[in-house]
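Asker: Chains A and B are the protein sequences, given in the same order.
In terms of this note's numbering, the first sequence has 736 at position 20, counting the first letter as 1, and numbering is strictly consecutive.
In terms of this note's numbering, the second sequence has 722 at position 52, counting the first letter as 1, and numbering is strictly consecutive.
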Amino acid sequence: MNNITTIAKNTFKETIRDRILYAILAFAILFIASTVVFGSLSLGEDIKVIKDFGLAGIYIFSIIITIFLGVSLIYKEIEKNTLYLILSKPISKSQLIIGKYFGLLLSVTLTTLLMTAVYLIVVATKGGGFDAGSLLAVLLNLFEISIFISISILFSTLFTPLLGTIFSIIILYVGHSLDTLLRFADKSESISGYLVYPVYYLLPNLEKFNIRNLVVHGDMVSTPEYLLTILYAIIYSIILLSIAKISLEKEEL
Amino acid sequence: MKILKYFLTAVLLALTVTIQFLYDEEKAKRPKPSPYVLSAEVVRAADLGLHNAASDMIWLSAIQYFGDWQTDKFQKIDDYLFLASDLDPKFSYPYAFGVLILPSVNMADQAIELGEIGIENVQDDWRIPYYMATTYHIHKEDQANALKYFDLAANTEGAPENIKVVASIYGSNADMRAKSKTVWQGVFENSEDEVVIERAYNYVFHYEILELLEDAAQKYKEKIGGYPSELELLVSKNILKEIPKDPLGFEFIITETGRATIK
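1. So, does the region 814 to 833 of chain B touch the region 789 to 802 of chain B, judging by three or more C-beta pairs under 8 Å?
2. Count Cβ pairs between the region 890 to 897 of chain A and the region 843 to 853 of chain A that sit closer than 8 Å; are there 3 or more?
3. Rounded to whole angstroms, what's the CA-CA distance from K621(B) to I774(A)? Just pull it up for me.
4. Could you tell me which chain A residues have their CB closer than 7 Å to the CB of I833(B), listed as they occur along the chain?
5. Rounded to the nearest angstrom, what separates D768(A) and L674(B) at their Cα positions?
6. How would you write the range of the beta strand (DSSP E) that I932(B) sits in, first residue to last?
7. Pick helix, strand or coil for I951(A), following the three-state DSSP scheme.
8. If you compare alpha carbons, which of K834(B), E711(B), L720(B) and L903(B) is closest to F900(A)?
9. Strictly under 9 Å for the Cβ-Cβ distance: is R714(B) near chain A by that measure?
10. Go ahead and pull the three-state DSSP assignment for L957(A).
11. List, in order along the chain, the chain B residues whose C-beta lies closer than 7 Å to that of F875(A)?
12. Expressed to the nearest angstrom, what Euclidean distance is found between the alpha-carbon atoms of G844(A) and I763(A)?
13. Per DSSP, what kind of secondary structure is F920(B) in: helix, strand or coil?
14. Grouping DSSP H, G and I as helix and E and B as strand, with all else coil, what is M831(A)?
15. Establish whether the CB of K764(A) and some CB of chain B are separated by less than 9 Å.
16. Since Y791(A) and T876(A) are thought to touch, with beta carbons under 8 Å apart, how far apart are those beta carbons, to the nearest angstrom?
17. Label I781(A) either buried or exposed according to how many other C-beta atoms from any shown protein chain fall within 10 Å of its C-beta, with 16 as the threshold for buried.
18. Along the alpha helix (DSSP H) that carries G880(A), what are the first and last residues, could you check?
19. For G705(A), does the three-state DSSP call read helix, strand or coil?
20. Apart from the five residues on each side of it in sequence, which residues of its chain come closer than 8 Å, Cβ to Cβ, to A844(B)?
21. By a C-beta neighbour count over all protein chains shown, 10 Å radius and 16 as the cutoff for buried, is N776(B) buried or exposed?
22. Curious, which full-length alpha helix (DSSP H) runs of at least 4 residues does the region 911 to 943 of chain A contain?
23. Could you tell me how far apart the beta carbons of V824(A) and I867(A) are, in whole angstroms, since I believe they sit closer than 8 Å?
24. Determine whether the beta carbon atoms of E878(B) and K851(B) lie at a separation below 9 Å.
25. If you run the structure through DSSP and keep just helix, strand and coil, what is T782(A)?
26. Hey, quick one: how far does the alpha helix (DSSP H) through S866(A) stretch, first residue to last?
27. For D821(B), which of helix, strand or coil comes out of DSSP?
28. Below 9 Å on C-beta distance, what does T896(A) contact in chain B?
29. Return the CA-CA distance between P703(B) and K743(B), expressed in angstroms with no decimal places.
30. For the region 746 to 764 of chain B, list every residue whose C-beta sits within 8 Å of some C-beta in chain A, in sequence order.
31. Going by C-alpha distance, which of Y817(A), I907(A), L737(A) and Y948(A) is nearest A724(A)?
32. Using the beta-carbon count (16 or more within 10 Å), is L918(B) buried or exposed?
33. Mind checking if D935(A) is an interface residue toward chain B, Cβ cutoff 9 Å exclusive?
34. Do we get a CB-CB distance below 9 Å when we pair V775(B) with the residues of chain A?
35. Along chain A, in chain order, which residues have C-beta atoms closer than 7 Å to that of V769(B)?
36. Tell me, please, whether the CB atom of E941(A) is closer than 9 Å to any CB atom in chain B?
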């Protein structure tokens, strides 16, 4: 447990010092603050537009931060040979991966919370009051991020950062399109329709984490639906991190 | 040497600004192409589930499109509004705006179709049925449907008190013009949107001009013995100082029976 905490702390320090993080974060905060301008152009629908764009901004920028920082997390250690140094100590590969996961999760959570704070201030300033519903949306956003951190870590054991980034973006799009794919499969009577089912169930279904479109209108999913979504994220992350560990074991060190 | 470098940089920057300005001037002369509005399926496939934000973007584009003069005579405005409401079915304002604005660009049927979808998806916005009623009343001359939607608007939670009054007097007023004026007076007094307020004001002013012209024509008859064959006669015979300019852009005539109407 101590080893995991130490690696998580180091990963957190390492990622929080990354200049890319600050550049993206500055841009994100600027974007969220500028939603006021979009709102003012909307003929009296300011609050709705600010909420929609604000929550979209928090999501997009937290994903960008995760991908940029995550895809090079293990790859960098292998390239710089620092992985030897870490593994020469009484630290297992599992501990290394779990430590990296929690370290990055902490960094992304902190930056996401910072963006959320700016969002809440902007909404409150424009007369929207305290947007409690958005907090539930941001929480699910973080659980989606946790899956994405696992994907990034897995890809960083397999591919270069560039390839990892490309594959992560593909997973992101596919993950949000699985419901549409399933609808097509349900309508299709050919064999290709049946091939969609394994893809639908095996790939990460990310659309379930998206309650942004609901909370803006004051709607909400049921509690079991919410809890099942969280459970899905936890189990999916465990599976991906286990595969990352197997992948790292196959790495010639 | 250093000063020369700074000077050259400043000159180059000034040149870039000038070229951009000249380019924009030239571009403005080019006729604007009619925009291509994507289908809801395509936008949904590409927006990472951020349908509301995509809907807002479409809504902002619709406002920009409608707020500027277009060579295509606003033929894409309905596509924009249907797309915005398809992506975010609970976003009420595009429905209300569409029902109010589309008839003015000869799209009364599209306005009614959009309004019906809106009433199904958003139950708490009185503006959608209210504007549906005005569309039925003014553009379709369908008083039965107008009454139905006035009633729906009046019974929507949060509807202002004077909307309820308008809805209740609508069926008992015999004069169509008076009814229309009442309707737009209601819009004028209850809307918070500048575009809608301006539109309602223009309609009320339009009906007041018609009333003024009819009064003047009556005075003309009493003075001369018949209704004027041209509006200018009302000015030349010192009954009116000038013929008021219609804010909706119409020209008027006086009929043989003394009624003022659109030319």
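Positions of the beta carbon are idealized from the N, C-alpha and C atoms, including for glycine.
Here the structure is a predicted model, which means the values were calculated and not measured.
Answerer: In brief:
1. Below 8 Å, enough C-beta pairs join the region 814 to 833 of chain B and the region 789 to 802 of chain B to call them touching: three or more.
2. Per the Cβ contact rule, the region 890 to 897 of chain A is not in contact with the region 843 to 853 of chain A (fewer than 3 Cβ pairs under 8 Å).
3. Past the edges of chain B, shown from 671 to 933, lies residue 621(B), and the structure says nothing about it.
4. Going along chain A, no residue has its Cβ under 7 Å from I833(B), so there is no contact; the nearest lies around 18 Å.
5. The alpha-carbon atoms of D768(A) and L674(B) are separated by roughly 50 Å.
6. A930 to I932
7. helix
8. E711(B)
9. yes
10. helix
11. None at all; the shortest Cβ gap to chain B is about 22 Å.
12. 6 Å
13. coil
14. helix
15. At least one chain B Cβ lies under 9 Å of K764(A).
16. Their Cβ separation, rounded to whole angstroms, is 7 Å, which keeps Y791(A) and T876(A) in contact under 8 Å.
17. buried
18. P877 to K903
19. Missing from the structure shown is residue 705(A); chain A here goes from 717 to 969 and no further.
20. Confidence is the limiting factor: at A844(B) the pLDDT is only 43, short of 50, which leaves the residue's position unreliable, though a coordinate-based value still follows. Within the same chain, A844(B) has no close Cβ partners at all.
21. exposed
22. If we require 4 residues or more, the alpha helix (DSSP H) runs fully inside the region 911 to 943 of chain A come out as 928 to 931.
23. Actually they are not in contact, since the Cβ atoms of V824(A) and I867(A) sit about 13 Å apart, beyond 8 Å.
24. yes
25. helix
26. A848 to L874
27. helix
28. E711, R714 and A715
29. 11 Å
30. For the region 746 to 764 of chain B, residues whose beta-carbon sits nearer than 8 Å to a beta-carbon of chain A comprise D758, K760, F761 and Y763.
31. Y817(A)
32. exposed
33. Interface residue, yes.
34. V775(B) has a beta carbon lying at 9 Å or more from every beta carbon in chain A.
35. Near V769(B) there are no residues of chain A at all, since even the closest Cβ is about 14 Å away, more than 7 Å.
36. no
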